[in-house]
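Colleague: Per our numbering, residue 4 is the first one in the sequence shown, and the count goes up by one each step.
Where is the CB? At the ideal position from N, CA and C, for every residue including glycine.
Values in this document were obtained by computation on a predicted structure and should not be read as measured data.
Please read through the structure below; I'll follow up with questions.
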Amino acid sequence: MTQTHASVADASFDFALLQQSAARTGGRNRRALWWLLGLLSLLSGSVVTLLLYLNNFEAEEAARRRAADAQWLEQSVQFHFRRLEDDLRVLSRQAVQQGAGADVVPVGQSQDLKAGMLWREPGVVLSSGWIGAGQLGDPRVGPERWPLDWDAHPENAEALALMQSTSQGLRRAAYAGLMLDRADQPTDVLWLAVPYFDRGQFAGNYLAAVSLNQALRALLPAWFMQDHRVQLLSTETTEAVETAYRASLNLPGTDLFVQVDLTQAQPTTVPRIFFLVALLFLSGMLVSLYALRRDIIKRQQVQALLQAQVALRTAMENSVTIGLRAWDLGGKILYVNDAFCRMVGYSADVLIGRTIPFPYWPAEQIDALQRVHDGILAQGTSGEGVEVQFQHADGHLIDVLIHEAPLQTATGEQVGWMSSVLDISERKRGQRMAALQQEKLEASGRLVAVGEVASTLAHELNQPLGALSSFANGLLNRLNDGSIKLAELLPVVERMARLAGRAGGIIQRVNAFARQRELSPQRLDLVRLLQRVMGLFGDDNTLTPSWSLPDHPVWVDADELLFEHLVNNLVANAQDWAPHGGQRPQVWVQLRVDKDQGMAVLSVADTGPGVSEEAQATIFNAFVSSKEGGMGMGLAICRSIAEAHHGRVEVSRDPLLGGACFTVRLPLAKPRLRKVLP
Numbered sequence: 004m005t006q007t008h009a010s011v012a013d014a015s016f017d018f019a020l021l022q023q024s025a026a027r028t029g030g031r032n033r034r035a036l037w038w039l040l041g042l043l044s045l046l047s048g049s050v051v052t053l054l055l056y057l058n059n060f061e062a063e064e065a066a067r068r069r070a071a072d073a074q075w076l077e078q079s080v081q082f083h084f085r086r087l088e089d090d091l092r093v094l095s096r097q098a099v100q101q102g103a104g105a106d107v108v109p110v111g112q113s114q115d116l117k118a119g120m121l122w123r124e125p126g127v128v129l130s131s132g133w134i135g136a137g138q139l140g141d142p143r144v145g146p147e148r149w150p151l152d153w154d155a156h157p158e159n160a161e162a163l164a165l166m167q168s169t170s171q172g173l174r175r176a177a178y179a180g181l182m183l184d185r186a187d188q189p190t191d192v193l194w195l196a197v198p199y200f201d202r203g204q205f206a207g208n209y210l211a212a213v214s215l216n217q218a219l220r221a222l223l224p225a226w227f228m229q230d231h232r233v234q235l236l237s238t239e240t241t242e243a244v245e246t247a248y249r250a251s252l253n254l255p256g257t258d259l260f261v262q263v264d265l266t267q268a269q270p271t272t273v274p275r276i277f278f279l280v281a282l283l284f285l286s287g288m289l290v291s292l293y294a295l296r297r298d299i300i301k302r303q304q305v306q307a308l309l310q311a312q313v314a315l316r317t318a319m320e321n322s323v324t325i326g327l328r329a330w331d332l333g334g335k336i337l338y339v340n341d342a343f344c345r346m347v348g349y350s351a352d353v354l355i356g357r358t359i360p361f362p363y364w365p366a367e368q369i370d371a372l373q374r375v376h377d378g379i380l381a382q383g384t385s386g387e388g389v390e391v392q393f394q395h396a397d398g399h400l401i402d403v404l405i406h407e408a409p410l411q412t413a414t415g416e417q418v419g420w421m422s423s424v425l426d427i428s429e430r431k432r433g434q435r436m437a438a439l440q441q442e443k444l445e446a447s448g449r450l451v452a453v454g455e456v457a458s459t460l461a462h463e464l465n466q467p468l469g470a471l472s473s474f475a476n477g478l479l480n481r482l483n484d485g486s487i488k489l490a491e492l493l494p495v496v497e498r499m500a501r502l503a504g505r506a507g508g509i510i511q512r513v514n515a516f517a518r519q520r521e522l523s524p525q526r527l528d529l530v531r532l533l534q535r536v537m538g539l540f541g542d543d544n545t546l547t548p549s550w551s552l553p554d555h556p557v558w559v560d561a562d563e564l565l566f567e568h569l570v571n572n573l574v575a576n577a578q579d580w581a582p583h584g585g586q587r588p589q590v591w592v593q594l595r596v597d598k599d600q601g602m603a604v605l606s607v608a609d610t611g612p613g614v615s616e617e618a619q620a621t622i623f624n625a626f627v628s629s630k631e632g633g634m635g636m637g638l639a640i641c642r643s644i645a646e647a648h649h650g651r652v653e654v655s656r657d658p659l660l661g662g663a664c665f666t667v668r669l670p671l672a673k674p675r676l677r678k679v680l681p
């Protein structure tokens, strides 16, 4: 009733369609009122006729009880015999699996099954055993009682043979009986054959001899036997007893009946109490009819509202361009809208009822889509959705974005998923075009950067090449004069080799960078690198920098040659500006580790005039220089190298030296995992 009230109170659906629906229900309300009045008149007349009915009530009640008892007895017998058939079917399977062949399993042997009451009750199953397909028809092969009943009477042999052929031909359980003794008198013994088929091939029958009298004693409870006498009949006679009734056992292959006689009269009821109760219920029914009329009116109003909601939601569904798809937890499609059908090119009749793989899945992506499908079944989709590709019926691929929401019943039980499918093919095409344009822009920018790097590095090569030329000329002069010894010659040649190797490495790096090759980052110890680089300063420069390095390695992933070039540029720039300050020229280089941010921090400070706040915004731009004759490329290259290593370079004023302080921050390398020896 809560949902009904909520629907009635929902004013958002109160439009012309609802008013028309409510107007049409007025006529139905009047017809319903006339029907209720007619029903009231009928009930009033029923009260009058009830007195006449009570005279015959007791007899009819007794007949009804007898019929109910007959039905109960018939159903109980059929149920327990069906359970006995199931027990024998289990024993048949065990006999085949154990290779029992034609061996007989005696009654009472422990069997690994949860048997029914007829199997468990002593004296009901007189004999049982398994007969393979090859021994059928042989009266010598069977349970203990089988050859005795076979030889007792010719009709027994005929009935038992027919039972076996029937079970094999009809592939169901069959019965034979009642068995006749040698005096041509029927006994209470009934034979049951349950066939077993192994992989479609008939394997044999499991036979059981059942005592019907013992079975009826086991089936009928004590309270039933107190008021009834049970008699087994082999054929239905025409004699009728007023207090007796017959129930057919309905065992295939037999015509057996059970006659039940009522031995004690049923207690007399008080029909007048029923009449008073009927009057009481009639009064309550009058009240219920009034409440039912009010409820019918409310339900009709709610029905009109629901019809309007369905019409509105159908119109909304047909107007949207987003595909909608509902599928159950097993992956079967339950519903698709027109937009989804247009998107994939298949009609709703083709899609509804289909399971994975769906016809709109590309053949080469079935495995990937299967994994996505399993993930959705497990946890749905995230807020961003899932991007996959569908294949239209004409063969072209469609990029789609899928969002899944649980499909739940009114009780909150999830029965599947509701999908909204958005065609993002145009967006993906635009993204690919944008990526292509970005790649072209990056290539153009890289060419510009190559030009910048080439210009700057060409300038930087003047120093090692000039020094190399000076060493070579000096060495030639001393060799010509004969004023140099072999011990003095070796350090000069080694220095020339280092300068030549340094110049060659710079040229190789520019060449590789110009051909758009990636950087060559490696695990690098900045402490050892700075010790080597700083050791080269002072031989060819008037101002030797001071430095402070940690006493432990500082590992980063960096290109050694590019980082060495960055350090040379920053130190050389500090050496150029340090003498222009108001104190003794100094250059200070410091390396430290910022563990909180996971960064290696390199600082190069000088005693120069520093960098003004206005110049800090443009100092790292290309072709911007405040030195006379400078190209304005050194700091731009430093910034490019730092950013290429996922770091950054900053400039500020040093609080101690008073000049500029350039700070380079590079991420620390991830620690290597030590291999634990077993």
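Where does Ile336 fall in DSSP's three states?
Modeller: Start at 1 with the first residue of the sequence shown, and residue 336 comes out as number 333. Three-state result, Ile336: strand.
Colleague: Please state whether DSSP places Ser350 in a helix, a strand or coil.
Modeller: Along the sequence shown, read from residue 1 onward, the residue named residue 350 stands at position 347. Reduced to three states, the DSSP call for Ser350 is coil.
Colleague: If you pair each beta-carbon of the segment 433–441 with each one of the segment 401–418, do three or more pairs fall below 8 Å?
Modeller: no
Colleague: Decide if the segment 189–196 is in contact with the segment 165–173; the criterion is three or more beta carbon pairs, one per stretch, under 8 Å apart.
Modeller: Touching, yes.
Colleague: Helix, strand or coil, according to DSSP, for Ile401 in the structure here?
Modeller: Here residue 401 is taken as the residue at index 398 of the sequence shown, counted from 1. In the structure shown, Ile401 falls within a strand segment according to DSSP collapsed to helix, strand and coil.
Colleague: Mapping the DSSP letters down to three states, classify Gln441 as helix, strand or coil.
Modeller: For the purposes of this step, residue 441 is taken as residue 438 along the sequence shown, with counting starting at 1. Reduced to three states, the DSSP call for Gln441 is helix.
Colleague: Which residues does DSSP pair with Gly326 in a beta bridge?
Modeller: Here residue 326 refers to the residue found at position 323 of the sequence shown. According to DSSP, Gly326 bridges with Val424.
Colleague: Where does the unbroken beta strand (DSSP E) through Asn208 begin, and where does it stop?
Modeller: Position 205 of the sequence shown, counting from 1, holds the residue named residue 208. First-last of the beta strand (DSSP E) with Asn208: Gln204 to Ser214.
Colleague: Taking its Cβ as the centre, do 16 or more other Cβ atoms sit within 10 Å of Ala186, making it buried, or is it exposed?
Modeller: Here residue 186 corresponds to residue number 183 of the sequence shown, with the count starting at 1. With fewer than 16 other Cβ atoms within 10 Å, it is exposed.
Colleague: Just checking, does the segment 567–585 make contact with the segment 607–617 on the three C-beta pairs under 8 Å criterion?
Modeller: Between the segment 567–585 and the segment 607–617, the count of C-beta pairs closer than 8 Å reaches three or more; the two stretches touch.
Colleague: Rank Val652, Ile427, Ala381 and Leu660 by C-alpha distance to the C-alpha of Thr666 and give the top, closest one.
Modeller: As a working note, residue 666 is residue 663 in the sequence shown. The residue with the shortest Cα to Cα distance from Thr666 is Val652.
Colleague: Just to confirm my understanding: we take Leu215, look at its own chain, exclude 5 residues before and 5 after, and list those with CB closer than 7 Å. What are they?
Modeller: Here residue 215 corresponds to residue number 212 of the sequence shown, with the count starting at 1. Same-chain partners within the cutoff: Asp191, Leu193 and Leu235.
Colleague: Could you check whether Leu279 and His231 sit closer than 8 Å to each other, using their CB atoms as the reference points?
Modeller: Working through the sequence shown from its first residue, we reach residue 231 at position 228. Working through the sequence shown from its first residue, we reach residue 279 at position 276. No; because the gap between Cβ atoms is not below 8 Å, this pair is not in contact.
Colleague: Could you have a look at Tyr199 and say whether DSSP puts it in helix, strand or coil?
Modeller: Here residue 199 refers to the residue found at position 196 when the sequence shown is read from its first residue. Three-state result, Tyr199: strand.
Colleague: Quick check on the burial criterion: 16 or more other C-beta atoms within 10 angstroms. Buried or exposed for Val107?
Modeller: As a working note, residue 107 is residue 104 in the sequence shown. Only weak support exists for where Val107 lies, its pLDDT of 47 falling under 50; the coordinates are left without a value.
Colleague: Per DSSP, what are the beta-bridge partners of Pro409 in this structure?
Modeller: Residue numbering aside, residue 409 sits at position 406 when the sequence shown is read from its first letter. Beta-bridge pairing links Pro409 to Trp420.
Colleague: Looking only at DSSP bridge pairs, what is Arg651 linked to?
Modeller: On the sequence shown, position 648 is the one that residue 651 refers to. Answer is Arg668.
Colleague: So what's Arg232 in DSSP terms, helix, strand or just coil?
Modeller: If you number the sequence shown from 1, residue 232 lands on position 229. Strand at Arg232.
Colleague: Using the Cβ count rule (16 or more neighbours within 10 Å means buried), how would you classify Asn571?
Modeller: One-based indexing of the sequence shown puts residue 571 at position 568. So Asn571 ends up on the buried side.
Colleague: With burial defined as no fewer than 16 other Cβ atoms inside 10 Å of the residue's Cβ, what is the status of Asn480: buried or exposed?
Modeller: Numbered from 1 along the sequence shown, position 477 holds the residue referred to as residue 480. The residue is exposed, with fewer than 16 neighbouring Cβ atoms inside 10 Å.
Colleague: With the cut-off set at 8 Å, would you say Ala577 and Leu669 are in Cβ contact?
Modeller: Within the sequence shown, numbered from 1, the residue matching residue 577 stands at position 574. Within the sequence shown, numbered from 1, the residue matching residue 669 stands at position 666. Taking 8 Å as the Cβ cut-off, Ala577 and Leu669 do not qualify as a contacting pair.
Colleague: Going straight from the alpha carbon of Arg535 to that of Ala618, what length do you get?
Modeller: If you number the sequence shown from 1, residue 535 lands on position 532. If you number the sequence shown from 1, residue 618 lands on position 615. Computed Cα separation, rounded: 32 Å.
Colleague: What are the residues that DSSP puts in a beta bridge with Tyr248?
Modeller: In the sequence shown, residue 248 corresponds to position 245, counting from 1. Partner(s): Val263.
Colleague: Where do the N-terminal and C-terminal ends of the alpha helix (DSSP H) with Gln382 fall, by residue?
Modeller: Numbered from 1 along the sequence shown, position 379 holds the residue referred to as residue 382. Note, Gln382: alpha helix (DSSP H), Ile369 to Gln382.
Colleague: Would you list the residues sitting across from Phe393 in a DSSP beta bridge?
Modeller: The residue labelled residue 393 in the question sits at position 390 within the sequence shown. BP columns for Phe393 point to Ile401.
Colleague: Does the ligand GTP have a heavy atom nearer than 7 Å to the CB of Gln440?
Modeller: Of the ligands one can find in the structure shown there are none, so the ligand GTP has no counterpart to examine.
Colleague: Would you say the segment 200–216 touches the segment 129–145, given that touching needs at least three Cβ pairs under 8 Å?
Modeller: Judged by Cβ distances under 8 Å, the segment 200–216 makes contact with the segment 129–145, as three or more pairs qualify.
Colleague: Is the separation between the beta-carbon of Gly333 and that of Asp397 shorter than 8 Å?
Modeller: Here residue 333 refers to the residue found at position 330 when the sequence shown is read from its first residue. Here residue 397 refers to the residue found at position 394 when the sequence shown is read from its first residue. No; because the gap between Cβ atoms is not below 8 Å, this pair is not in contact.
Colleague: Using a threshold of 8 Å, state whether the C-beta atoms of Ala177 and Pro125 are closer than that.
Modeller: Within the sequence shown, residue 177 is the residue found at index 174, counting from 1. Within the sequence shown, residue 125 is the residue found at index 122, counting from 1. For Ala177 and Pro125, no; Cβs fall outside 8 Å.
Colleague: For Val261 versus Ala247, is the C-beta spacing smaller than 8 Å?
Modeller: Taking the sequence shown and counting its residues from 1, the one referred to as residue 261 is at position 258. Taking the sequence shown and counting its residues from 1, the one referred to as residue 247 is at position 244. No, the Cβ-Cβ distance between Val261 and Ala247 is not below 8 Å.
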